[in-house]
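Convert by adding 4 to the 1-based position in the sequence shown; the result is the number in the numbering used here.
From the three backbone atoms N, C-alpha and C, an ideal C-beta is built for every residue, glycine too.
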Amino acid sequence: MTWTVETLSDSVDEELDDLPVEVRAKFIHISKLIEEFGHEQVGMPHVKHLDGPLWEMRMKSSRALYVKVPHKRVVVVRAFMKKTQKTPKREIDLALRRAKNIL
């Protein structure tokens with residue numbers, strides 16, 4: 005069984021659409037790596053564990069936060085442009101609140 009990458013909602017789709025074209029292309033590239041090789045095989049610099057069940061896809065100055073769910077699924081719960089070196093706590097908190105319904 006292969007992995008699938010999906011978004012949580014239309015809100016997340018809109019967040020991804022708001023990112024620059026080159027960042028969206030990188031998101032698609034990382035998603036395809038996860039789908040082809042599996043979440044466990046894709047590591048830095050593409051993905052990084054953040055907090056609890058939360059992981060991030062790393063695209064230059066942007067991030068897509070996601071959780072792993074049963075049946076080899078990755079669900080993106082938040083996408084945003086970073087303005088600081090560290091992923092802001094409020095973004096992590098928002099992603100965790102959104103993910104609570106599917107975990």
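Query: Same chain, Cβ closer than 7 Å to Val81, five either side skipped, listed in chain order; Result: Leu12, Val16, Leu69, Tyr70, Val71, Ala99, Arg102 and Ala103
Query: Cβ-based neighbour list, Glu60, same chain, cut-off 6 Å, excluding 5 preceding and 5 following; Result: Lys52, Leu54, Arg67 and Leu69
Query: Anticipated Cβ contact below 8 Å, Ile106 with Val73, distance rounded; Result: 6 Å
Query: Same chain, Cβ closer than 8 Å to Val46, five either side skipped, listed in chain order; Result: Ile34, Leu37 and Ile38
Query: Integer-rounded CB distance, given that Ser65 should sit under 8 Å from Lys86; Result: 5 Å
Query: Burial state of Thr91, where buried means 16 or more other Cβ atoms lie within 10 Å; Result: buried
Query: For Phe84 and Asp21, the rounded distance between their alpha carbons; Result: 10 Å
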